[in-house]
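S.K.: Please find one structure pasted underneath; my questions will follow.
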Amino acid sequence: MPKSPSNVVTPAPAASVVLLRDTDAGPEILYLHRNPDLRFMGGYWVFPGGRVDPADHVSGGDTDGAAGRAAAREAHEEAGVRVDPVDLHPVCQWTTPVSSPIRFATWFFAAASNPEMVRVDGGEIRDHRWRRPEDALQAHRAGEIKFANPTFALTTRLCGHATVRDALAVVDTWEWEQLLGRIHPVEGGRVALYAEDCGYETGHIECEGPRHRIWMLDTGWRYERAFQPLI
Numbered sequence: 001m002p003k004s005p006s007n008v009v010t011p012a013p014a015a016s017v018v019l020l021r022d023t024d025a026g027p028e029i030l031y032l033h034r035n036p037d038l039r040f041m042g043g044y045w046v047f048p049g050g051r052v053d054p055a056d057h058v059s060g061g062d063t064d065g066a067a068g069r070a071a072a073r074e075a076h077e078e079a080g081v082r083v084d085p086v087d088l089h090p091v092c093q094w095t096t097p098v099s100s101p102i103r104f105a106t107w108f109f110a111a112a113s114n115p116e117m118v119r120v121d122g123g124e125i126r127d128h129r130w131r132r133p134e135d136a137l138q139a140h141r142a143g144e145i146k147f148a149n150p151t152f153a154l155t156t157r158l159c160g161h162a163t164v165r166d167a168l169a170v171v172d173t174w175e176w177e178q179l180l181g182r183i184h185p186v187e188g189g190r191v192a193l194y195a196e197d198c199g200y201e202t203g204h205i206e207c208e209g210p211r212h213r214i215w216m217l218d219t220g221w222r223y224e225r226a227f228q229p230l231i
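By this note's numbering, the letter at position 15 of the sequence shown is numbered 15, and the numbering carries on one by one without gaps.
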């Protein structure tokens, strides 16, 4: 049963950064493994990120600036990686579905990084891996790792680049998106629909028209984008 407005949790502001480094085989992304005992996304592999704290705000600053400072701070706190907020490339904002008891409105950024060492705390974050996005998706299909929707979608979109510079140049061409998925059961799993999708308002999965959805099926996940950006 859909939640009524009175019992929908207000999403807390958060920020996350996709850290990329160059290798001879192409760019790799840094993924962090969250402690399985955590209430929110326990056991998932994620990009460094967390809540936007009051200290991330500065007098006269805007929310986007605070989110950038939070993303840089979290990269250092969770992975020991230093990133200058001015070097962040805005990607999108992704909000947890209204059905979730814990919700965040997360600003996502991307940045080049080639640290000599990644340091995780062993508490909230248990492990880390640098993976090519293509290899990360293969591991996800094999059931070796768990992704949340934003991680899966952004990993998919970052496939196929020869260098970090090329990847970030493409990111800079992306339209800014604010994503809030609506989850529907389908045979063999679920599907998340986003605002540009022809079925977003009606819930009609087999609609004819633009597609913006993530298929979360037992046989594997798939990110489907076939639409003109909304103005």
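Even for Gly, the Cβ is constructed at its ideal location relative to N, Cα and C.
By the three-class DSSP mapping on this structure, what secondary structure does Gln264 have?
M.R.: Residue 264 lies beyond the stretch modelled for the chain, which goes from 1 to 231, so this question has no answer here.
S.K.: Run through the segment 108-146 for me and flag every whole alpha helix (DSSP H) of 4 or more residues, listed as ranges in chain order.
M.R.: As far as the segment 108-146 is concerned, its whole alpha helix (DSSP H) runs of at least 4 residues are 133-141.
S.K.: Give the DSSP-derived three-state secondary structure of Ala14 in the structure shown.
M.R.: Ala14: strand per DSSP, three-state reduction.
S.K.: In terms of DSSP beta bridges, what is Cys92 paired with?
M.R.: Answer is Phe108 and Glu177.
S.K.: I need the DSSP call for Met1, collapsed to helix, strand or coil.
M.R.: In this prediction, Met1 has a pLDDT of 43, which is less than 50 and means its spatial position is unreliable; what the coordinates show is noted afterwards. The answer is coil: DSSP assigns Met1 none of H, G, I, E or B.
S.K.: Using 8 Å as the Cβ pair cut-off and three pairs as the minimum, do the segment 98-112 and the segment 12-27 touch?
M.R.: Yes, since at least three Cβ pairs between the segment 98-112 and the segment 12-27 fall closer than 8 Å, the two stretches touch.
S.K.: Pull the bridge partners of Arg69 from the DSSP assignment, please.
M.R.: Answer is none; Arg69 lacks a bridge partner.
S.K.: List in chain order: all unbroken beta strand (DSSP E) runs of 3+ residues lying wholly within the segment 165-214.
M.R.: DSSP runs (the beta strand (DSSP E)) wholly in the segment 165-214: 177-180, 182-186 and 189-193.
S.K.: Enumerate, from N- to C-terminal direction, the unbroken beta strand (DSSP E) stretches of 3 or more residues contained entirely within the segment 19-79.
M.R.: If we require 3 residues or more, the beta strand (DSSP E) runs fully inside the segment 19-79 come out as 28-34 and 49-51.
S.K.: Measure from the alpha carbon of Cys207 to the alpha carbon of each residue in Arg213, Cys198, Trp215 and Ile214, then state which is nearest.
M.R.: Comparing Cα-Cα distances from Cys207 to each of Arg213, Cys198, Trp215 and Ile214, the minimum goes to Cys198.
S.K.: Whose C-alpha, out of Leu32, Pro210 and Ala67, is nearest the C-alpha of His57?
M.R.: It is Ala67 whose Cα lies nearest to the Cα of His57.
S.K.: In three-state DSSP terms, what is Leu217?
M.R.: Of the three classes helix, strand and coil, the one that applies to Leu217 here is strand, per DSSP.
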